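A.B. asks: Mind having a look at this structure? Questions to follow.
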Amino acid sequence: MSCLPNTPEDSVRAAVRAVRAGDRAAFRVLVETYQHPLYGVLFRYLKNRDDCLDVTQRAFVRAFERLEDLTDDGAFKPWLFRIAINLALSQIRSSQRGREEDLDSIPEPSREAQQEELVAQKQRSKALYEALETLSPTQKKVILLKLEGGLNAKEIAASADLSEGAVRVHVHNAIKRLRAHLDPESGSIETES
Numbered sequence: 001m002s003c004l005p006n007t008p009e010d011s012v013r014a015a016v017r018a019v020r021a022g023d024r025a026a027f028r029v030l031v032e033t034y035q036h037p038l039y040g041v042l043f044r045y046l047k048n049r050d051d052c053l054d055v056t057q058r059a060f061v062r063a064f065e066r067l068e069d070l071t072d073d074g075a076f077k078p079w080l081f082r083i084a085i086n087l088a089l090s091q092i093r094s095s096q097r098g099r100e101e102d103l104d105s106i107p108e109p110s111r112e113a114q115q116e117e118l119v120a121q122k123q124r125s126k127a128l129y130e131a132l133e134t135l136s137p138t139q140k141k142v143i144l145l146k147l148e149g150g151l152n153a154k155e156i157a158a159s160a161d162l163s164e165g166a167v168r169v170h171v172h173n174a175i176k177r178l179r180a181h182l183d184p185e186s187g188s189i190e191t192e193s
């Protein structure tokens with residue numbers, strides 16, 4: 001029997017156990033595994049690179065400091081995402097800034113990109129942000145955790161304090177609402193459970 005982790009989940013469990021045993025360097029595995037998906041979810045909330053980087057870092061620091069509070073080594077991902085989303089929501093409340101997306105704040109693509117593609121990209125981004133804002137806070141949370149964070153229904157349920165069935169319903173309704181907002185003429189919806 002090998003002591004090397006076989007799956008990414010095993011690597012995460014092993015890293016959590018190692019950090020708890022005093023190996024601070026093992027936390028790097030957790031950061032490297034989750035920093036990009038976490039940033040993606042946070043960007044949908046905060047819409048600002050610097051704020052996302054700050055909240056991502058604060059989430060990892062808080063997770064490190066409170067790792068003893070984690071009751072299941074295999075539940076690190078939803079636990080971390082819950083910490084991060086709560087920090088993002090606190091930052092939004094404290095900053096009192098508007099949630100309207102400004103087209104000028106979208107980063108410009110390289111000079112070689114055609115002007116038409118730039119305009120289309122900005123319009124798609126703006127439409128997506130507007131569509132996300134039509135969702136309830138719970139729908140927004142579950143759809144971002146699924147699409148940006150890559151969490152499955154069980155992980156989302158743990159992160160959002162919902163049952164797996166409720167997660168599936170919220171995901172279905174969120175997708176239906178997003179499609180209706182983005183393509184009002186489309187009456188059909190296909191989702192995977």
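In case it helps, the working numbering puts the sequence shown at residues 1 to 193. Glycine included, every Cβ here is placed at the ideal spot set by N, Cα and C. As the structure is a prediction and not an experimental result, all values here were calculated from the model.
(1) With H, G and I counted as helix, E and B as strand and the rest as coil, what does DSSP make of residue 40?
(2) Report the CB separation of residue 143 from residue 174 in whole angstroms; it is logged as a contact under 8 Å.
(3) Output yes or no for whether 9 Å exceeds the beta carbon distance between residue 195 and residue 38.
(4) CB of residue 53 to nearest heavy atom of the ligand MG: below 8 Å?
(5) Give the straight-line distance between the Cα atoms of residue 172 and residue 127, rounded to the nearest whole angstrom.
(6) Identify, in the order they occur along the chain, each residue of the same chain with its Cβ nearer than 7 Å to the Cβ of residue 148, setting aside the five sequence neighbours on each side.
(7) What residue ranges within the segment 27 to 80 form continuous beta strand (DSSP E) runs of no fewer than 3 residues, ordered along the chain?
(8) In whole angstroms, what separates the C-alpha of residue 162 from that of residue 59?
(9) Looking at C-alpha atoms only, which residue of 67, 51, 19 is the closest neighbour of residue 95?
(10) Does residue 141 pass the burial test, meaning 16 or more other C-beta atoms within 10 Å, or should it be called exposed?
(11) Take the Cβ of residue 167 as the centre, count every other Cβ of all protein chains shown within 10 Å, and call the residue buried at 16 or more, exposed below.
(12) Using the Cβ count rule (16 or more neighbours within 10 Å means buried), how would you classify residue 8?
(13) Could you check what DSSP says for residue 85 in three-state terms: helix, strand or coil?
(14) Helix, strand or coil, according to DSSP, for residue 21 in the structure here?
(15) By alpha-carbon positions, which one of 177, 28, 145 ends up nearest to residue 79?
(16) Compute the Euclidean distance between the alpha carbons of residue 26 and residue 177, then round it to the nearest angstrom.
(17) So with Cβ pairs under 9 Å, would you call residue 171 a contact of chain C?
(18) Less than 9 Å separating the beta-carbons of residue 138 and residue 157?
C.D. replies: In this structure, then:
(1) For the purposes of this step, residue 40 is identified with residue 40 of the sequence shown, where counting begins at 1. DSSP places residue 40 in the helix class (H, G or I) of the three-state scheme.
(2) For the purposes of this step, residue 143 is identified with residue 143 of the sequence shown, where counting begins at 1. For the purposes of this step, residue 174 is identified with residue 174 of the sequence shown, where counting begins at 1. Correct: roughly 4 Å between the Cβ atoms.
(3) Outside the shown range of the chain (1 to 193) lies residue 195, about which nothing can therefore be said.
(4) As presented, the structure is devoid of all ligands, the ligand MG included, so that no description of it is given.
(5) Stepping through the sequence shown from its first residue, residue 172 is reached at position 172. Stepping through the sequence shown from its first residue, residue 127 is reached at position 127. If you take the alpha carbons of residue 172 and residue 127, they lie about 19 Å apart.
(6) One-based indexing of the sequence shown puts residue 148 at position 148. Excluding residues within five positions, the ones whose Cβ falls inside 7 Å are 37, 40, 41, 44.
(7) none
(8) Here residue 162 refers to the residue found at position 162 when the sequence shown is read from its first residue. Here residue 59 refers to the residue found at position 59 when the sequence shown is read from its first residue. Each residue's alpha carbon lies about 21 Å from the other.
(9) In the sequence shown, the residue the question calls residue 95 occupies position 95. Closest option to residue 95, Cα to Cα, is 51.
(10) By 1-based counting over the sequence shown, the position of residue 141 is 141. Buried, because 16 or more other Cβ atoms sit within 10 Å of the Cβ of residue 141.
(11) Residue 167 sits at position 167 when you count from the first residue of the sequence shown. Flag for residue 167 reads buried.
(12) Locating residue 8 in the sequence shown gives position 8, counting from the first residue. With fewer than 16 other Cβ atoms within 10 Å, it is exposed.
(13) Counting from 1 along the sequence shown, the entry for residue 85 is found at position 85. It is helical.
(14) Here residue 21 is taken as the residue at index 21 of the sequence shown, counted from 1. Coil at residue 21, not helix or strand.
(15) Position 79 of the sequence shown holds residue 79. Of the candidates 177, 28, 145, the one whose C-alpha sits nearest the C-alpha of residue 79 is 145.
(16) One-based indexing of the sequence shown puts residue 26 at position 26. One-based indexing of the sequence shown puts residue 177 at position 177. It is roughly 41 Å from the alpha-carbon of residue 26 to the alpha-carbon of residue 177.
(17) Looking at the structure shown, chain C is missing, and only one protein chain is on hand.
(18) Position 138 of the sequence shown, counted from the start, is the residue given in the question as residue 138. Position 157 of the sequence shown, counted from the start, is the residue given in the question as residue 157. No, these two residues do not count as a Cβ contact at 9 Å.
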